[in-house]
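Engineer:
Residue numbers (the working numbering): 4 to 163.
(1) Where does residue 4 land, buried or exposed, given buried means 16+ other C-beta within 10 angstroms?
(2) Rounded to the nearest angstrom, what separates residue 145 and residue 65 at their Cα positions?
(3) My assumption, with CB atoms under 8 angstroms, is that residue 11 sits in contact with residue 37. Please give the rounded CB distance.
(4) Could you tell me the boundaries of the alpha helix (DSSP H) in which residue 8 lies?
(5) Can you tell me the Cα-Cα spacing of residue 91 and residue 102, whole angstroms?
(6) Is residue 163 buried or exposed, if buried means 16 or more other CB atoms sit within 10 Å of its CB?
(7) Give the secondary structure of residue 79 by DSSP, where H, G and I count as helix, E and B as strand, and everything else as coil.
(8) Is the CB-CB distance between residue 7 and residue 42 below 9 angstroms?
(9) Quick check on DSSP: helix, strand or coil for residue 94?
(10) Residues in the same chain with beta-carbon distance under 8 angstroms from residue 120, minus the five sequence neighbours each way, listed in chain order, please.
Shown next, in the form of structure tokens:
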């Protein structure tokens, strides 16, 4: 539940800063980028500190070397958090984070079915709903930068 709260609070904070007249803060999807970055910093760090054992337990038994998987996905989450904030890498970071969310979903299903964490937010339905929100956030950034790149390419080809 904490990643969801982080995502929402950071998005709302950035939107609020713009609403009170801090015009240097870009409009959407920058607020979403900031929320996604904050969320993935928190989850990425948790792969190394605090929840590492629980995350390793979430890896389905069919996947070898769960400790290595948790380390690699944590590093990728941290890299994606940084990459999504930089205009030149935001498209690729958003795409990678989207694919990672999809690829890690089976671990969420496994954890929910095995009762690895008994809190309400860790049941299958809440986990799935949160995953959909996370995907919507990363896809929002992905689509924004894909459209911007396409528009830039179309504008450049007009000058040829």
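Ideal Cβ positions, reconstructed from N, Cα and C, are used throughout, including at glycine.
Structural biologist: With the given structure in hand:
(1) Residue 4 sits at position 1 when you count from the first residue of the chain shown. Classification for residue 4: exposed.
(2) Residue 145 sits at position 142 when you count from the first residue of the chain shown. Residue 65 sits at position 62 when you count from the first residue of the chain shown. Computed Cα separation, rounded: 31 angstroms.
(3) Position 8 of the chain shown, counting from 1, holds the residue named residue 11. Position 34 of the chain shown, counting from 1, holds the residue named residue 37. Residue 11 to residue 37, Cβ: 12 angstroms. No contact.
(4) Taking the chain shown and counting its residues from 1, one reaches residue 8 at position 5. Here the alpha helix (DSSP H) through residue 8 covers 5-22.
(5) Taking the first residue of the chain shown as 1, we reach residue 91 at position 88. Taking the first residue of the chain shown as 1, we reach residue 102 at position 99. If I take the Cα positions, the gap works out to 19 angstroms.
(6) As a working note, residue 163 is residue 160 in the chain shown. The predicted model places residue 163 with a pLDDT of 46, which falls under 50 and marks its position as unreliable; any figure quoted below should be read in that light. That one is exposed.
(7) By 1-based counting over the chain shown, the position of residue 79 is 76. In the structure shown, residue 79 sits in a helix (DSSP, three-state: H, G or I).
(8) To locate residue 7, count along the chain shown from 1; it is residue 4. To locate residue 42, count along the chain shown from 1; it is residue 39. Their beta carbons are under 9 angstroms apart, which means residue 7 touches residue 42 by this criterion.
(9) Translated into positions along the chain shown, residue 94 becomes position 91. If DSSP states are grouped into helix, strand and coil, residue 94 belongs with the helices.
(10) Within the chain shown, numbered from 1, the residue matching residue 120 stands at position 117. Apart from the 5 residues on each side of it in sequence, residue 120 sits with its Cβ closer than 8 angstroms to the Cβ of 57 and 114 in its chain, given in chain order.
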